[in-house]
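Visitor: Protein chains in written order, with the numbering used here: chain A, 1 to 269; chain B, 270 to 538; chain C, 539 to 807; chain D, 808 to 1076; chain E, 1077 to 1345; chain F, 1346 to 1614.
6 protein chains.
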Amino acid sequence: DFLNALHEVGPAFGASMDDLERRRLNGIIDCGERHKRIQERALLLVEQIKDNQSPLVTYLLEGPSGSGKTAMAATIGIESDFPYVKIISAESMIGLGEASKCAQIVKVFEDAYKSQLSFIILDDIERLLEYVPVGPRFSNLILQTLLLFLKRLPPKGKSLMVIGTTSVMDFLETVGIFGAFSISDHVPNLDREDVKKVKGISVSRFGVLKQLDVFCENELDYAVEEVNEISIKKLYMLVEMAAVGPKGKSAKAIQSGQEKIDLNFFSSI
Amino acid sequence: DFLNALHEVGPAFGASMDDLERRRLNGIIDCGERHKRIQERALLLVEQIKDNQSPLVTYLLEGPSGSGKTAMAATIGIESDFPYVKIISAESMIGLGEASKCAQIVKVFEDAYKSQLSFIILDDIERLLEYVPVGPRFSNLILQTLLLFLKRLPPKGKSLMVIGTTSVMDFLETVGIFGAFSISDHVPNLDREDVKKVKGISVSRFGVLKQLDVFCENELDYAVEEVNEISIKKLYMLVEMAAVGPKGKSAKAIQSGQEKIDLNFFSSI
Amino acid sequence: DFLNALHEVGPAFGASMDDLERRRLNGIIDCGERHKRIQERALLLVEQIKDNQSPLVTYLLEGPSGSGKTAMAATIGIESDFPYVKIISAESMIGLGEASKCAQIVKVFEDAYKSQLSFIILDDIERLLEYVPVGPRFSNLILQTLLLFLKRLPPKGKSLMVIGTTSVMDFLETVGIFGAFSISDHVPNLDREDVKKVKGISVSRFGVLKQLDVFCENELDYAVEEVNEISIKKLYMLVEMAAVGPKGKSAKAIQSGQEKIDLNFFSSI
Amino acid sequence: DFLNALHEVGPAFGASMDDLERRRLNGIIDCGERHKRIQERALLLVEQIKDNQSPLVTYLLEGPSGSGKTAMAATIGIESDFPYVKIISAESMIGLGEASKCAQIVKVFEDAYKSQLSFIILDDIERLLEYVPVGPRFSNLILQTLLLFLKRLPPKGKSLMVIGTTSVMDFLETVGIFGAFSISDHVPNLDREDVKKVKGISVSRFGVLKQLDVFCENELDYAVEEVNEISIKKLYMLVEMAAVGPKGKSAKAIQSGQEKIDLNFFSSI
Amino acid sequence: DFLNALHEVGPAFGASMDDLERRRLNGIIDCGERHKRIQERALLLVEQIKDNQSPLVTYLLEGPSGSGKTAMAATIGIESDFPYVKIISAESMIGLGEASKCAQIVKVFEDAYKSQLSFIILDDIERLLEYVPVGPRFSNLILQTLLLFLKRLPPKGKSLMVIGTTSVMDFLETVGIFGAFSISDHVPNLDREDVKKVKGISVSRFGVLKQLDVFCENELDYAVEEVNEISIKKLYMLVEMAAVGPKGKSAKAIQSGQEKIDLNFFSSI
Amino acid sequence: DFLNALHEVGPAFGASMDDLERRRLNGIIDCGERHKRIQERALLLVEQIKDNQSPLVTYLLEGPSGSGKTAMAATIGIESDFPYVKIISAESMIGLGEASKCAQIVKVFEDAYKSQLSFIILDDIERLLEYVPVGPRFSNLILQTLLLFLKRLPPKGKSLMVIGTTSVMDFLETVGIFGAFSISDHVPNLDREDVKKVKGISVSRFGVLKQLDVFCENELDYAVEEVNEISIKKLYMLVEMAAVGPKGKSAKAIQSGQEKIDLNFFSSI
Ligand SMILES: Nc1ncnc2c1ncn2[C@@H]1O[C@H](COP(=O)(O)OP(=O)(O)OP(=O)(O)O)[C@@H](O)[C@H]1O
Ligand SMILES: Nc1ncnc2c1ncn2[C@@H]1O[C@H](COP(=O)(O)OP(=O)(O)OP(=O)(O)O)[C@@H](O)[C@H]1O
Ligand SMILES: Nc1ncnc2c1ncn2[C@@H]1O[C@H](COP(=O)(O)OP(=O)(O)OP(=O)(O)O)[C@@H](O)[C@H]1O
Ligand SMILES: Nc1ncnc2c1ncn2[C@@H]1O[C@H](COP(=O)(O)OP(=O)(O)OP(=O)(O)O)[C@@H](O)[C@H]1O
Ligand SMILES: Nc1ncnc2c1ncn2[C@@H]1O[C@H](COP(=O)(O)OP(=O)(O)OP(=O)(O)O)[C@@H](O)[C@H]1O
Ligand SMILES: Nc1ncnc2c1ncn2[C@@H]1O[C@H](COP(=O)(O)OP(=O)(O)OP(=O)(O)O)[C@@H](O)[C@H]1O
Ligand SMILES: [Mg+2]
Ligand SMILES: [Mg+2]
Ligand SMILES: [Mg+2]
Ligand SMILES: [Mg+2]
Ligand SMILES: [Mg+2]
Ligand SMILES: [Mg+2]
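In structure tokens, the structure reads:
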């Protein structure tokens, strides 16, 4: 089954640069000290590979949903400047069986072993594992495959960096994936201080770039008090919704619209 | 298996407008403030999509059985005026295996990605998942597929709105489907106040439209005291049964017939 | 698998009138007030369908084994005078796999949707589900199919009445089958008062009709004291066994023979 | 699968008279009052069938291993004088899969339905179900098949008696097989009084009939005190072993040999 | 599946005399009273078969790993002098599926039924069952097969002795294998007294027979104090290791070498 | 399935010397007394085989991840000078099914049985078993195969040494693999004393051999205080990372760089 699947894998599986760019659709903005320190460390690991000090470095980014793990991993991949950078993501394997997914994963690693310097992102490992907390259920075939690749040294003279992302750290620890990574970091949600600094998000994705100053200083302070922890992803959504509110009203109205929305309308978000 | 299934999916799977209309067979009547506010919010989300603020908005309607979730979702779909509106419902996939159902779902989403503005209803998600609380059992293949589609961004320039409905919120939360939706709302049963306002339901479905005033003012008050919470769907059933009672008797008789029925005959409903 | 099975289903699956008659082999005798009231309600529901008030009425008869659920459902089906009356029963699908059984069920419903007025009996739902309390185990494929058909509206202009029977109410409630029926009733065992009225059962099935008066007045009173609850089916068995006792003895001997049998011989029944 | 299996079943499955005889290899000796009463009742049930009082009588013999259930059922089958008497036993289906076993069972019942009077022995139902208490595990396919056949009426004019045997009553009760039988009896082990009466077992199976008087009166009394409960099958084994002891010694030596064996040698039996 | 497997079984499956000899590679030495008594009883059972007293005797040897069960069973098989002696062992079925293993077992028994006197060893029943305590998991197909063969009488005029071995008595009891054997015995580890008597083990397996007197009297006494319970198999290993120590040293050196090894080196054995 | 798999196994499966060398990529340095004693014992066992004292010696190395078990086993294999030395490792069977893996294992053992002296390494037994603690799940097919091979004697005149490695001792004990090995040893992490002695690790893997003295005496003392237990593998990683730090700085800078890194940067390792 697996062997058939392996045979059928097309030659160019794995993500191109474009694919990586799509993972940080909203760009990378300043998210506070904690985010910055992780990025620094990641780049140091990239150096370690380039310096030929290690044939294999495996690095796990874990943290709550939406905290920016995938975007960060994509950024590091892009900035690494390695000749081979691929992302393994369940999204591109929807509906495939275990054996086929496994074959795809094998293909990406085998291809990586052919490049001097390679970079692989294992995005949302729980999704790759088809994990569901009820049971729990997951694909042991894929799990075993990942466990092995995370420890397997590339052939002589080749080097590989692997970055994984997950939001179910506990589970990864239980099944031994966490232990199989050599280093790991926690990517946190934004706290009040971080949020305050984020004001001035540009909603830039849609054709025209609109530099919105969606929160007025006071309201922001007030809103921030309400928020204890929020992911950067949710904050973007809030801004997008706020942007709908005005509809031909003045900039002033935007802010008042935002206030109403933030505190009443989106309370369930 | 899945690939075969995918290949066999006919070109026009997914519901037409007619199909949507069938989901609100009894029309949409005034069900009180709480229902109204949900509909408003849903339409705001539709605007957000149209304004190009978000490429993907996912919205979950949860609440007790018969509270009107499906009818409401169909209504929003119809009123959205999007070029592509489809409903994914277990009803149209009776007896199919996991892989085939999965293929159907993939087809609807892939088709949606081709339209500028798309609208997909995931109706009765627990049925799509073949969920049963004993075990619990469910299709992990379909679950993983939904989890991925709920987070996957449409291609550049395309926008998608997804509305899901469910009456087993707890389960959806456990398996992560709830968390995968960006927003959610609770669709409640009718309480006493709501029921009082509903008097004057028209039993309009059967050939001739009969505008029945099935409860007389006093009886209604009395009956309403008995009822603590009732779904709009059950209320319709009560009215239908009441309508059988008379059989050529006077309108007056209807009401007395109703009273007897309501309090004695249908006590087990 | 299911599709193959569906294709192989013969054209005339489902029970004919004869089949229904076999379900009330011992006829229908007076079993007390409680039985009577259920039958009345059922016939009212039949009226509701005929009056075009509802396109779909689903009615569940639950109660202990042998209490008369199947016979009652068959009787209502026969008396409904609907053009399409079928019984779905595990008995006629012995040894078939899930997919085949499912296909049979689909066939009966699809056929029903073609008739103006249809009547379907889902007999012994726990057997259809291949239910066993250990585990518990059951066919989720069949369960999901039933859940969907119990809620699916027939096409415009067609009406359908479904009567289900079961003796494991708890399980049906847990898996949501109970909730999927719009109405339900409990079919009880006979209590002492009911039994007293049953005297004079005719053991009529065997070639010659023998009108036996198997209990003499006093003995009956005595025997009835012993019995707390008994199903109508068991009562028939008692009478059959009593009828063996005499063997060419006088009517007097029957009764004495019966007494001995009832209190000693059948104590373990 | 099942359908294939059904097709492959040879025409003459089921046991012949010879087969039944093998089930009571050691003959039937007097085992005390309790055994006798069961046999009487069984024959009364046979009469009930013959008298055309019942189309279907199902009778379960349950009790500890070796207590004589199978031998008793075989005896009743032989003595019934019915034209069709078959035994369904796991022994003749070793190594077959569920579907094949199920097909065999179906075949025996279908054949029985063709005879005026039929008699089927379901021997060692737990073995037919491939039951093992760990889990517990068992074949639900076979269980469902038995549940249905135990309730299914033979065609008009045909009558069927079914006798089942089991030594795991609890399990049969849990899964509903016990409830599906109309009557049941407990076949007990021998107690001290029963054993005393058994003295004088003839070890008759082996070519020459040897009428051994293996216990002398005193020793028996003594030995019997030791034994609290023993199955008739174990008692036979004891006698067989005792018969080895002598080897050309006097009858006196037999007894002394027996005594040594009984109390020391076989303590672990 | 099973039927295919059955068909493919070669004609000569089952162990030859050679095979049996390999099971007692280290010969049979005096292991104390308890071992002796078991062997006596086993030979008495062999007599019982030969004397035609029983068509089927089943005997279970249970005890800790390495206590000598297999060697003992092989010895009895060899000494029985029966024309058909076979060993059924998982070792000769490595990697086969359930059905194939089952077919092999069936073949050995069917062949045995053709011989006047047959002897079958079911070695390491837990391995035959693919037992693992986690779960627990085991092959129910093989279990059911063994349960049936342990009770099935050989054809008229044929006799069969079965000896089983196991070191997981508890499990065999739970699943009913223990109950299916007519007799059983516990094969113990050696205690201090037994070990003392074993001095003078000949390490005879390797080409030249070396009669080593590996423990000097005093050291043995000392060592034996340390050992509470040891299997005969472990004792052999100790001797083998001790034999490595010397390497051209004097017999004296052997013992001092042994002492060092026994108490320090092999403490973890 | 297995038989097919067995047939497809290529002729030269199993690791060559090169393969073994790759397992101790960082060489073998002095890791303290405890490591040394294990190696001594292992070589003694090798002698035992060569001396023809035992046809089969099985030795388990267990201990925390990275403690050097695989490197140690490879070293012993290389130094044994046996004509047949193979490593069975999950790494070379990624993505294969149970049956295929099983076939590979069988092949290696069968080949080993053909050589006078053979050496097999079962590396990371938990990975071979596809073990995951959730459930737990594992391949029972492979487990049973290993259990049998660990006890099966090679053919007459052949000898085999098996070394297994594992970091989940508890599990191996539960499923009986531990008991199936004749001897076992614990390979510990380095404690403070061990670490102190390790200073002067040569980072020799990368083209040019750099003899780094990465810790200055004082810092080492300080760092060692922080570390309670560390695996030799982690220590190597620390050194590699430290080696990245300098980048054209003086040796002095290396150490200060190391200090910063050790205590702050790698705290999460
Ligand atoms: N400094 C930043 N780091 C990460 N993401 C950022 C940053 N600034 C902005 N973003 C934006 O925030 C979003 C983070 O979402 P992302 O998908 O990376 O989160 P995630 O942690 O992977 O979530 P999930 O657990 O659901 O996979 C992206 O759209 C990204 O463009
Ligand atoms: N304001 C309203 N909102 C929703 N439904 C309404 C409203 N007014 C009338 N209805 C009618 O009430 C019925 C609601 O049933 P619907 O199937 O939508 O409930 P549901 O919550 O989806 O139930 P289920 O959980 O069983 O799927 C429909 O027939 C619809 O026509
Ligand atoms: N008033 C009555 N209602 C129902 N059954 C009656 C009545 N009078 C007589 N009977 C007879 O009683 C028997 C009832 O058995 P039936 O099979 O219907 O019970 P059941 O509740 O379906 O049992 P089970 O739970 O085992 O399926 C039938 O033989 C029927 O002919
Ligand atoms: N009165 C008797 N009733 C039953 N069996 C008797 C009687 N007298 C002697 N026997 C002998 O006793 C033995 C009873 O064994 P049998 O196999 O019937 O027991 P069982 O209860 O079916 O055991 P199991 O539970 O193991 O199937 C038979 O060999 C039978 O010939
Ligand atoms: N008196 C004896 N009884 C049994 N075995 C003996 C005796 N004397 C010496 N031996 C030797 O001891 C060893 C016993 O090992 P054996 O394989 O029979 O143990 P086992 O109980 O079957 O172990 P396992 O539970 O692992 O299968 C054999 O090598 C055998 O030659
Ligand atoms: N004395 C030593 N013993 C073992 N390994 C050593 C020694 N000295 C240096 N090493 C190096 O340490 C590393 C030990 O890693 P190894 O893979 O053997 O650990 P492991 O215990 O097998 O880990 P895992 O449990 O993850 O399989 C190897 O790179 C090896 O070259
Ligand atoms: Mg992500
Ligand atoms: Mg709905
Ligand atoms: Mg019924
Ligand atoms: Mg029996
Ligand atoms: Mg053994
Ligand atoms: Mg290792």
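Even glycine gets a Cβ: it sits at the ideal position worked out from N, Cα and C.
For ligand 1, is there a heavy atom less than 7 Å away from the beta-carbon of residue 938(D)?
Guide: No; taking the cut-off as 7 Å, the Cβ of residue 938(D) has no heavy atom of ligand 1 nearer than that.
Visitor: Compute the distance between the beta-carbons of residue 403(B) and residue 712(C), then report whether it is under 8 Å.
Guide: It is a contact, given that the beta carbons lie within the stated cut-off.
Visitor: Express the C-alpha separation of residue 1258(E) and residue 1312(E) in angstroms, rounding to a whole number.
Guide: Their Cα atoms are separated by approximately 32 Å.
Visitor: Closer than 7 Å, Cβ to Cβ, to anything on chain C: give me those residues from the segment 348-366 of chain B, in chain order.
Guide: Hits within the stretch, in order: 359, 360, 363, 364, 365, 366.
Visitor: Show which residues of chain E have a CB atom less than 9 Å away from the CB atom of residue 1490(F).
Guide: Simply 1170, 1171.
Visitor: Can you find a heavy atom of ligand 7 that lies under 7 Å from the Cβ of residue 123(A)?
Guide: Correct: residue 123(A) has its Cβ closer than 7 Å to ligand 7.
Visitor: May I ask whether a heavy atom of ligand 10 can be found less than 7 Å away from the beta carbon of residue 652(C)?
Guide: Residue 652(C): no, Cβ never under 7 Å from ligand 10.
Visitor: Let me make sure I understand the geometry here. Which of 590(C), 610(C), 727(C) has the alpha-carbon closest to that of residue 580(C)?
Guide: The candidate whose alpha carbon is nearest that of residue 580(C) is 610(C).
Visitor: Sort 420(B), 397(B), 421(B) by Cα distance to residue 411(B) and report the nearest one.
Guide: Among 420(B), 397(B), 421(B), the Cα nearest to that of residue 411(B) belongs to 397(B).
Visitor: Under 8 Å, do residue 1224(E) and residue 901(D) count as touching if we go by C-beta distance?
Guide: Yes, the pair counts as a contact, with Cβ atoms nearer than the cut-off.
Visitor: Taking the C-alpha atoms as reference points, what is the distance between residue 293(B) and residue 464(B)?
Guide: Those two C-alpha atoms are separated by around 19 Å.
Visitor: If you drop the 5 nearest sequence neighbours on each side, which residues of the same chain put their C-beta closer than 6 Å to that of residue 1156(E)?
Guide: If we look at residue 1156(E) and ignore the five residues flanking it on each side, its Cβ neighbours are 1122, 1195.
Visitor: For the beta strand (DSSP E) containing residue 1464(F), list its first residue and its last residue.
Guide: Here the beta strand (DSSP E) through residue 1464(F) covers 1462-1468.
Visitor: Distance check for residue 52(A) and residue 1561(F), CA to CA, integer angstroms please.
Guide: At residue 1561(F) the pLDDT is 49, less than 50, meaning the model places this residue with poor confidence; the figure from the coordinates comes in the next sentence. The straight-line gap from Cα to Cα measures roughly 23 Å.
Visitor: When you compare only the Cα positions, how much space is there between residue 865(D) and residue 1193(E)?
Guide: Rounded to the nearest angstrom, the two C-alpha atoms are 41 Å apart.
Visitor: May I ask which residues mark the beginning and end of the alpha helix (DSSP H) holding residue 1475(F)?
Guide: Careful: residue 1475(F) lies outside any alpha helix (DSSP H) and carries neither H nor E.
Visitor: Quick one: what's residue 454(B) bridged to in DSSP?
Guide: Partner(s): 330(B).
Visitor: Tell me the residue span of the beta strand (DSSP E) that contains residue 1509(F).
Guide: 1504-1511 is the span of the beta strand (DSSP E), which, as asked, contains residue 1509(F).
Visitor: Count the other C-beta atoms from every protein chain shown that fall within 10 angstroms of the C-beta of residue 1553(F), then say buried if there are 16 or more, exposed otherwise.
Guide: Low per-residue confidence applies at residue 1553(F): pLDDT is 26, beneath 50, and the placement is therefore not dependable, though the value from the model is reported in the following sentence. Exposed, by the Cβ-count rule.
Visitor: Tell me the DSSP secondary structure of residue 1431(F) in three-state form.
Guide: The answer is strand: DSSP assigns residue 1431(F) an E or B state.
Visitor: By alpha-carbon positions, which one of 1411(F), 1405(F), 1500(F) ends up nearest to residue 1167(E)?
Guide: The residue with the shortest Cα to Cα distance from residue 1167(E) is 1500(F).
Visitor: Would residue 997(D) count as contacting chain E if we go by Cβ distances under 8 Å?
Guide: For residue 997(D), the answer is no, since every Cβ of chain E falls outside 8 Å of its Cβ.
Visitor: Excluding five sequence neighbours on each side, which residues of the same chain lie with their C-beta closer than 8 Å to the C-beta of residue 691(C)?
Guide: 593, 594.
Visitor: Considering residue 140(A), what are the terminal residues of the alpha helix (DSSP H) in which it resides?
Guide: Start and end: 140-149.
Visitor: Since residue 1534(F) contacts residue 1412(F) with CB under 8 Å, what's their CB separation in whole angstroms?
Guide: About 5 Å separates the two Cβ atoms, so the contact holds.
Visitor: May I have the straight-line CA-CA distance separating residue 714(C) from residue 405(B), to the nearest angstrom?
Guide: Computed Cα separation, rounded: 13 Å.
Visitor: Opposite residue 675(C) in the DSSP bridges: which residues?
Guide: Answer by DSSP bridge pairing, in chain order: 670(C).
Visitor: Got a sec, what are the start and stop residues for the alpha helix (DSSP H) residue 18(A) sits in?
Guide: It spans 17-22 - the alpha helix (DSSP H) in which residue 18(A) sits, taken as one unbroken run.
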